[in-house]
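Residue numbers are given in the working numbering: position 198 of the sequence shown equals residue 201, and the series is strictly consecutive.
Ideal Cβ positions, reconstructed from N, Cα and C, are used throughout, including at glycine.
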Amino acid sequence: MKLPTCLTFFFQGDLTIHNLTAKDATEYTVDLSSSEAEPEGNTIKLNVKQKLREPSIQIVTSTSVENGCFMVVNCSSLDKGINLSWSVEPVSVLTINKHNPSDSSAQLFAFVNTTQNLANFTCTSRRDIERVPSKTVTPKCDSKICVSNCTSPPPPRRVTHHRARYSAVLFLSGTVFGSIGVIIIYRYAVQSHSLQHDLSLITRNCATGSERRQRVQRSIKEDEETANVQDEQVATPTQREEE
Numbered sequence: 004m005k006l007p008t009c010l011t012f013f014f015q016g017d018l019t020i021h022n023l024t025a026k027d028a029t030e031y032t033v034d035l036s037s038s039e040a041e042p043e044g045n046t047i048k049l050n051v052k053q054k055l056r057e058p059s060i061q062i063v064t065s066t067s068v069e070n071g072c073f074m075v076v077n078c079s080s081l082d083k084g085i086n087l088s089w090s091v092e093p094v095s096v097l098t099i100n101k102h103n104p105s106d107s108s109a110q111l112f113a114f115v116n117t118t119q120n121l122a123n124f125t126c127t128s129r130r131d132i133e134r135v136p137s138k139t140v141t142p143k144c145d146s147k148i149c150v151s152n153c154t155s156p157p158p159p160r161r162v163t164h165h166r167a168r169y170s171a172v173l174f175l176s177g178t179v180f181g182s183i184g185v186i187i188i189y190r191y192a193v194q195s196h197s198l199q200h201d202l203s204l205i206t207r208n209c210a211t212g213s214e215r216r217q218r219v220q221r222s223i224k225e226d227e228e229t230a231n232v233q234d235e236q237v238a239t240p241t242q243r244e245e246e
């Protein structure tokens, strides 16, 4: 019998398949016979599994926000029936994970504060005992919502009057980030919505909060300028009396 070129049969009963593919998954029967023994048949069922391929990470967004950076990264694989998991360094980075088994992908929402600077993301594909990690990705904050010096307001001149102003700034910042957290948790833990729509909504919330904060800061600056003018007007008559 002439075997296909991809098969090699040895008289010891061994069968070797070269350049194995998924199409080779079938049953193979070998009949052995000799003049000294009864014919003997042996059937083997061959199962072929492809090795896991390396998953890839795409940076969906990396946006500067108050006191840090808001990041969304997506991990995807060409394999089916796998489990994708994330590894983030440092571990103190705040993250929310959303896994989509139907299309072998997983999204990760992360907030990196200003003291952490950068974060490293690695995605790992798992199936049974096999695991393959992706290349590590370190996103940078590219787009910005805050304007220059929006996180560093000038020190107050009048403590009692400006303390309420800065309390308003902190309240607005907390409201914005609180709304971001609620949107992410509600939409991705309770409902299923498009990622593009949610990112747009989050960006609008950040922009609205930034505009409110800027208005408060402008009001603080105007109050300080008024206070400076009043101080100069008080100082001028005093200087004249001394002369």
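Taking 7 Å as the threshold (C-beta atoms), are residue j and residue i in contact?
| i | j | result |
| --- | --- | --- |
| residue 75 | residue 63 | yes |
| residue 87 | residue 100 | no |
| residue 19 | residue 32 | no |
| residue 50 | residue 28 | yes |
Could you tell me which of the options sits nearest to residue i, measuring between CA atoms?
| i | options | result |
| --- | --- | --- |
| residue 96 | 71, 54, 82, 110 | 71 |
| residue 107 | 34, 60, 21, 69 | 60 |
| residue 145 | 215, 73, 136 | 73 |
| residue 133 | 143, 52, 28, 105 | 52 |
| residue 137 | 44, 83, 89 | 89 |
| residue 117 | 105, 143, 135, 23 | 143 |
Assign residue i to buried or exposed, taking buried as 16 or more other Cβ atoms, counted over all protein chains shown, within 10 Å of its Cβ.
| i | result |
| --- | --- |
| residue 58 | buried |
| residue 222 | exposed |
| residue 113 | buried |
| residue 69 | buried |
| residue 80 | buried |
| residue 21 | exposed |
How many angstroms separate the CA atom of residue i from the CA atom of residue j?
| i | j | result |
| --- | --- | --- |
| residue 30 | residue 93 | 50 Å |
| residue 122 | residue 128 | 20 Å |
| residue 103 | residue 67 | 27 Å |
| residue 157 | residue 231 | Unreliable placement is indicated for residue 157, whose pLDDT of 43 sits below 50; no coordinate value is reported for it. |
| residue 141 | residue 109 | 17 Å |
| residue 78 | residue 126 | 6 Å |
| residue 131 | residue 56 | 14 Å |
| residue 65 | residue 115 | 10 Å |
| residue 218 | residue 229 | 17 Å |
| residue 135 | residue 82 | 11 Å |
| residue 23 | residue 120 | 47 Å |
| residue 34 | residue 124 | 54 Å |
| residue 220 | residue 226 | 10 Å |
| residue 17 | residue 39 | 20 Å |
May I ask whether a heavy atom of the ligand GDP can be found less than 6 Å away from the beta carbon of residue i?
| i | result |
| --- | --- |
| residue 103 | Inclusion of the ligand GDP in the displayed structure is not the case, the ligand content being empty and no account of it being possible. |
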